Amino acid sequence: MDMFDQIAEMGHERVLVCSNPEVGLRAIIAVHSTVLGPGLGGVRMWPFKSFEEAMTDVLRLSRGMTYKAAAAGLNLGGGKAVIIGDPKLDKSEALFRAFGRYVESLDGLYITAEDVGTDMEDMEVILTESQWVTGKSPVRGGSGDPSPVTAHGVLQGIKAAVRWHYGNPDLSGRSVAIQGLGSVGYHLAEYLEAEGAKLLGCDIDRERVARARDDLGLEPVPLDDILEVECDVLAPCALGAILDNSTIPRLRCQIVAGAANNQMANEDRDGRTLFERGILYAPDFMINAGGLINVYNELGGEYNRERALRMTRTIYLNLMRAFEVSKAESVPTNEAADRVAEERIATIGRLGSRHWGRFISPEAPAAAR
Ligand code: NAD
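Under numbering that gives the first Met the number 0, the first residue of the sequence shown carries the number 0, and numbering increases by one thereafter.
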């Protein structure tokens with residue numbers, strides 16, 4: 000599809016192509032929606048093979064952020080940026096400063112943060128050129144590592160799903176299989192252990208499995224068996240696209256609720272298959288919103304982790320709402336979550352927004368122009 004058609008179809012408000020050949024900057028900032036607030040989303044650095052590939056990704060990711068922020072109840076829109084380059088080879092102070100100038104030029108319409116290929120040090124450099132940076136280091140009053148907050152949000156989501164499916168949110172004795180015991184997965188395992196859940200799990204890193212086994216009593220599961228293990232909850236906390244035509248028929252869980260982004264290979268097809276199989280799916284962008292809620296708490300005041308953790312508890316209610324819509328309208332939960340987000344954007348959008356344009360009286364009737 001032609002790039003302009005793609006932008007028009009997805010409804011982006013603004014797309015900024017950033018070029019500075021002197022420092023090797025080739026980047027795109029996409030602001031999908033500012034109806035609810037500034038478009039917040041990380042900047043991804045990746046060796047995209049072409050400009051078109053980078054554009055397709057940034058358009059898709061920025062729209063995803065609009066839905067995520069809206070469904071989380073935040074006063075944020077959706078944005079995202081990509082820098083074309085190899086994060087291992089192409090980083091420099093000048094590159095991130097040049098990028099920061101583009102961010103600043105949008106005057107708060109876009110707020111950047113860390114993403115795949117960028118880190119807190121890069122944010123520090125961008126900060127020298129733009130105030131519109133979040134996910135800063137705690138020494139600058141920032142929120143630091145988001146993973147404990149994300150894990151806390153996933154715990155709320157698991158409780159909501161268990162409540163919906165079994166009629167009671169109590170996790171004691173419930174079995175949860177965690178795929179990936181990294182930053183989020185391990186914190187999640189700690190929370191679940193404190194709730195009395197029975198833990199199963201795997202990771203390609205054997206030391207991480209051993210730590211969870213020794214410290215939390217987790218029962219290790221072979222990597223290839225994790226999706227087929229019998230359990231109440233499967234919590235994907237590693238990779239995306241693990242749910243597809245070949246894996247969904249093999250699942251032996253009642254609920255899928257984990258932190259990983261883009262868990263389905265094909266949203267429409269796989270969401271429906273899960274729905275038809277009666278497996279309750281906690282939409283990924285709703286259940287893993289704790290990271291976004293965490294950086295949101297940096298904006299407009301001093302960051303406070305207690306407040307961020309408290310806010311992540313709304314994930315429980317947000318998921319309950321999606322499950323209700325799914326039941327009432329007989330649609331898969333991922334589709335229901337989209338509807339919840341769209342409804343909020345439409346409702347709040349009707350209140351008016353500073354981005355609607357200036358209120359100047361036209362000098363001629365519309366028909367005459
Ligand atoms: P991480 O890199 O710290 O942990 C991922 C873990 O998965 C690692 O321990 C890795 O060894 C393991 N892993 C990789 N491939 C695997 C496989 N095939 N089988 C089993 N384990 C495997 O990442 P993270 O920050 O914990 O994030 C986990 C997921 O959650 C990612 O999809 C991420 O996009 C998503 N997420 C994270 C946050 C956050 O706050 N960190 C927020 C929202 C979403």
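Every residue gets a Cβ at the ideal spot worked out from N, C-alpha and C, and that includes glycine. These figures come from a predicted structure and were not determined experimentally.
Taken atom to atom, the span from the alpha-carbon of glutamate 342 to that of aspartate 4 is near 25 Å. By the C-beta density criterion, isoleucine 203 is exposed, having fewer than 16 other C-beta atoms within 10 angstroms. Isoleucine 28 carries a strand assignment under DSSP once its states are collapsed to helix, strand and coil.
Between the stretch 279–298 and the stretch 213–229, the count of C-beta pairs closer than 8 Å stays below three; the two stretches do not touch. In the DSSP annotation of this structure, the continuous segment of the beta strand (DSSP E) that includes arginine 43 starts and ends at 42–45. In this structure, methionine 263 lies away from tryptophan 163, with their beta-carbon atoms at least 8 Å apart. Taking C-beta atoms as the reference points, leucine 75 and leucine 39 count as a pair closer than 8 Å. Counting other Cβ atoms within 10 Å of its Cβ, aspartate 214 stays below 16 and is therefore classed as exposed.
With respect to the 8 Å criterion, cysteine 17 and alanine 26 are classified as neighbours on the basis of their beta carbons. Taking non-hydrogen atoms of the ligand NAD into account, the C-beta of glycine 156 is found less than 7 Å away from none of them. Arginine 210 has its CB no nearer than 7 Å to any heavy atom of the ligand NAD. With fewer than 16 other beta carbons inside 10 angstroms of its own, valine 138 counts as exposed. With a threshold of 16 other beta carbon atoms within 10 Å, glutamate 12 meets it and is buried. Residues Phe95 of the same chain have their beta carbon placed closer than 6 Å to that of aspartate 121, with the five preceding and five following residues left out of the count. The residue among Val132, Gly239, Cys252 and Pro145 with its C-alpha nearest the C-alpha of glutamate 305 is Pro145.
Between glycine 270 and glutamate 323 a beta carbon distance of about 17 Å is seen, past the 8 Å cut, so the two are scored as non-contacting.
Take arginine 100, set aside five residues on each side of it, and the residues of its chain with a beta-carbon closer than 6 Å to its own are Glu128, in chain order.
Its Cα nearest to that of valine 175, the residue Leu198 stands out among Leu198, Ser91 and Ser104. Residue burial annotation: phenylalanine 50 is exposed, with fewer than 16 other C-beta atoms found within 10 angstroms of its C-beta.
The residue from Gly72, Thr55 and Gly41 with its alpha-carbon nearest to that of valine 339 is Gly72. Leu250 is the residue among Asp118, Gly23, Asn287 and Leu250 whose C-alpha sits nearest the C-alpha of leucine 279. Remark: the shortest separation between the CB of threonine 313 and any heavy atom of the ligand NAD does not fall under 7 Å. Counting every other CB atom within 10 Å of its CB across the protein chains shown gives glutamine 253 a total of 16 or more, marking it as buried. Residues Arg43 and Trp45 of the same chain have their beta carbon placed closer than 7 Å to that of valine 115, with the five preceding and five following residues left out of the count. Going by beta carbons, threonine 149 and alanine 234 fall outside the 8 Å limit. Nearest to valine 124 by alpha-carbon distance, out of Ile110, Ala93, Gly143 and Ser171, is Ala93. Valine 132 carries a strand assignment under DSSP once its states are collapsed to helix, strand and coil.
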